[in-house]
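Visitor: This structure is in structure tokens; I'll ask about it shortly.
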Amino acid sequence: MNKEANLYNIMEQFAIGSKIAPYGTGHINGTYSVEVPRLLLQRINTDVFKNPDELMENIETVTEFLRKKIIAAGGDPERETLRIIKTVDGRNYYRDEEDNVYRMYRFVEDTKIIVNEKTYDDLYHAGKGFGHFQQMLSDFPVDVLHETIQDFHHTPKRVEALKAAIAENKAGRASGVETEIAFALEHAKIADVVVSRMETGEVPVRVTHNDTKIDNILFDRETGEAICVIDLDTVMPGSMLYDFGDALRMGASTGAEDEVDLSKVCFDKEAFRAFAKGYLEELGADLTEAEIELLPISAALLTYECGIRFLTDYLNGDTYFKIHRENHNLDRARNQFKLVTDILELEEELKAIVAELR
Ligand code: ADP
Ligand code: GN1
Ligand code: MG
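Its first residue numbered 28, the sequence shown is counted upward by one per residue in this note's numbering.
The following block contains the structure:
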């Protein structure tokens, strides 16, 4: 069976609501209008997300909770959060005979995503969007959520994984990347800046998104406002610093994540200001002193973490992140490390920006 035919087959597994009603005033033909909402079909990566039941249960509980909040605030829940389309037998995903796992969402219309071309206004709205998402989830019961990927942002464990990859040297690449390995190990001291303060309780456990790339939020095409946070696979207990830092990793970079000309890759402190302004407008009053203090370093931490994850994957032979060219993961790691250097140099200026915005 060809792939397309197979997808039609999969479509039939979902309870796709459609409205049919008599239409017009004709005397001859039977005329009906048929409304079918646009949908989005996704194949879940089960190498990465090993337990689709727990994953989809998280997404269902979180989106139902958000839906109630959005309605109470007079918003449109079909645009402001994801809606899962159930299968014909009432499940929130479908597993085919080859063990592929599919889910379906309503397509949120008239939106755009921001990738590399972004304005400060976009970043301000992205900050508001992610801040508002966090704010709406502030009274969500953290304990009901499953950890869809264990220790996802436990950076010290990511350092351990890097050390193991260096020692194993599975792809025989370690000797070509001594400079990058040295950078990663020299900067490993920042790895515990958040987890250590979570252990003391100064940084509270919250419900967090954990993958706040700037392309994981939909913007209204007309108003430019961020309206819907998507890609909820990693919503689980965490620190808001993960979300804040990770959004700036891409959001405040002047270059693409895999740009190889590192003179084009700089951390833009005005982009930081724009995002932080939006974020703090939504959530500032709820944050603890430790969270506020760590906002600037969180950008370095999450960028460092992503950099060492790319480097680890390169050393392991590119088994986790999709690559589109040779050395793609290495290029990404170098790019992230350049940003880490920039952020650490700017740390005092970033602290001053946070102080101004409070
Ligand atoms: P990935 O985990 O591969 O990043 P995403 O869930 O972020 O997958 O989806 C990929 C892209 O699909 C998004 O960047 C966005 O452009 C689009 N998208 C995802 N969900 C929706 C939706 N419900 N409505 C409209 N577009 C969506
Ligand atoms: C992955 O799926 P996507 O592209 O939104 C990764 C993130 C990384 C990011 C780097 C589940 O995100 O953690 O920060 O790539 N997601 C997962 O671009 O590992
Ligand atoms: Mg995404």
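The C-beta atom is built at its ideal place from N, Cα and C for all residues, glycine as well.
Within this structure, are the beta carbons of L384 and L307 separated by less than 8 Å?
Guide: Counting from 1 along the sequence shown, the entry for residue 384 is found at position 357. Counting from 1 along the sequence shown, the entry for residue 307 is found at position 280. Contact flag set, yes.
Visitor: Going by C-alpha to C-alpha distance, which of D219, T281 and I86 sits closest to M131?
Guide: Counting from 1 along the sequence shown, the entry for residue 131 is found at position 104. Among D219, T281 and I86, the Cα nearest to that of M131 is on I86.
Visitor: I'd like to check one pair, F299 with D369: are the Cβ atoms closer than 8 Å?
Guide: Taking the sequence shown and counting its residues from 1, one reaches residue 369 at position 342. Taking the sequence shown and counting its residues from 1, one reaches residue 299 at position 272. Going by C-beta atoms, D369 is not nearer than 8 Å to F299.
Visitor: Assuming A153 and A279 make a contact with CB atoms under 8 Å, what is their CB distance in whole Å?
Guide: Position 126 of the sequence shown, counted from the first residue, corresponds to residue 153. Position 252 of the sequence shown, counted from the first residue, corresponds to residue 279. 11 Å between Cβ atoms; not a contact.
Visitor: Give me every residue whose Cβ sits closer than 7 Å to any heavy atom of the ligand MG, in chain order.
Guide: Taking each Cβ in turn, the ones that pass are D238, K240, D242, N243, I257 and D258.
Visitor: Classify V120: buried if its beta carbon has 16 or more other beta carbons within 10 angstroms, exposed otherwise.
Guide: Indexing the sequence shown from 1 puts residue 120 at position 93. In the sequence as displayed, the identity of residue 120 is Tyr instead of Val. With 16 or more Cβ atoms within 10 Å of its Cβ, Y120 is classed as buried.
Visitor: So K296 and G282 are supposed to be a Cβ contact under 8 Å. How far apart are they, rounded?
Guide: In the sequence shown, residue 296 corresponds to position 269, counting from 1. In the sequence shown, residue 282 corresponds to position 255, counting from 1. Between G282 and K296 the Cβ distance is about 15 Å, and since that is not below 8 Å, they are no contact.
Visitor: Should D285 go down as buried or exposed, given a rule of 16 or more other Cβ atoms within 10 Å for buried?
Guide: Reading the sequence shown from its first residue, position 258 is the one you call residue 285. With 16 or more Cβ atoms within 10 Å of its Cβ, D285 is classed as buried.
Visitor: For E62, count the other beta carbons within 10 Å of its own beta carbon; 16 or more makes it buried, fewer makes it exposed. Which is it?
Guide: As a position in the sequence shown, residue 62 is number 35, starting the count at 1. With fewer than 16 other Cβ atoms within 10 Å, it is exposed.
Visitor: If you drop the 5 nearest sequence neighbours on each side, which residues of the same chain put their C-beta closer than 7 Å to that of Y59?
Guide: As a position in the sequence shown, residue 59 is number 32, starting the count at 1. Contacts found: I47, A48, P49 and Y50.
Visitor: If you measure from the CB of T108, is any heavy atom of the ligand ADP nearer than 7 Å?
Guide: Here residue 108 corresponds to residue number 81 of the sequence shown, with the count starting at 1. Answer for T108: no, Cβ out of range of the ligand ADP.
Visitor: My guess is that P79 and R133 are in contact by the Cβ rule of under 8 Å, so how many angstroms apart are they, rounded?
Guide: Sequence index remark: in the sequence shown, residue 79 carries index 52 (1-based). Sequence index remark: in the sequence shown, residue 133 carries index 106 (1-based). With a Cβ gap of about 19 Å, P79 and R133 do not count as contacting.
Visitor: Hey, would you say V262 sits closer than 8 Å to L328, going by beta carbons?
Guide: Locating residue 262 in the sequence shown gives position 235, counting from the first residue. Locating residue 328 in the sequence shown gives position 301, counting from the first residue. Cβ distance not < 8 Å, so V262 and L328 don't count as in contact.
Visitor: What are the uninterrupted segments assigned as alpha helix (DSSP H) that are 4 or more residues long and contained completely in the stretch 156–208, given in chain order?
Guide: Segments of the alpha helix (DSSP H) lying fully in the stretch 156–208: 182–195.
Visitor: State yes or no: is the C-beta of L67 nearer than 7 Å to some heavy atom of the ligand ADP?
Guide: If you number the sequence shown from 1, residue 67 lands on position 40. Within the cutoff, so yes.
Visitor: State the start and end residues of the unbroken alpha helix (DSSP H) segment that holds F271.
Guide: The residue you call residue 271 lines up with position 244 of the sequence shown. Residues M267 to G278.
Visitor: Mind checking whether the beta-carbon of V75 lies closer than 7 Å to any heavy atom of the ligand GDP?
Guide: Absence of the ligand GDP from the depicted structure is noted, with the ligand ADP, the ligand GN1 and the ligand MG being the only ligands included.
Visitor: Nearer than 7 Å: is that true of the beta carbon of Y129 relative to any heavy atom of the ligand ADP?
Guide: The residue labelled residue 129 in the question sits at position 102 within the sequence shown. Not under cutoff, so the answer is no.
Visitor: Have a look at L338 and L366 and give me their C-alpha separation to the nearest angstrom.
Guide: Here residue 338 is taken as the residue at index 311 of the sequence shown, counted from 1. Here residue 366 is taken as the residue at index 339 of the sequence shown, counted from 1. Going by the C-alpha atoms only, they are around 15 Å apart.
Visitor: On the DSSP bridge assignment, give the partners of T114 in chain order.
Guide: Position 87 of the sequence shown, counted from the start, is the residue given in the question as residue 114. Answer is F41, bridged to T114.
Visitor: T235 lies in the beta strand (DSSP E); which residues open and close that run?
Guide: Position 208 of the sequence shown, counting from 1, holds the residue named residue 235. Residues R233 to T235.
Visitor: How big is the Cα-Cα spacing for T88 and T114?
Guide: Residue mapping note: residue 88 aligns to position 61 of the sequence shown, counting from 1. Residue mapping note: residue 114 aligns to position 87 of the sequence shown, counting from 1. Those two C-alpha atoms are separated by around 17 Å.
Visitor: For I217 and Y331, which I take to be in contact (beta-carbon distance under 8 Å), what is that distance rounded to the nearest angstrom?
Guide: Your numbering for residue 217 matches position 190 in the sequence shown. Your numbering for residue 331 matches position 304 in the sequence shown. Going by Cβ atoms, the distance from I217 to Y331 rounds to 6 Å, so yes, they are a contact pair.
Visitor: With a 10 Å radius around its C-beta and 16 neighbouring C-beta atoms as the bar for buried, classify E376 as buried or exposed.
Guide: Taking the sequence shown and counting its residues from 1, one reaches residue 376 at position 349. Flag for E376 reads exposed.
Visitor: What did DSSP end up calling R336 once you bin it into helix, strand or coil?
Guide: Here residue 336 is taken as the residue at index 309 of the sequence shown, counted from 1. Helix, per DSSP.
Visitor: Are N356 and D340 closer than 8 Å when you measure CB to CB?
Guide: Locating residue 356 in the sequence shown gives position 329, counting from the first residue. Locating residue 340 in the sequence shown gives position 313, counting from the first residue. Against a cut-off of 8 Å, the Cβ pair of D340 and N356 comes out as a contact.
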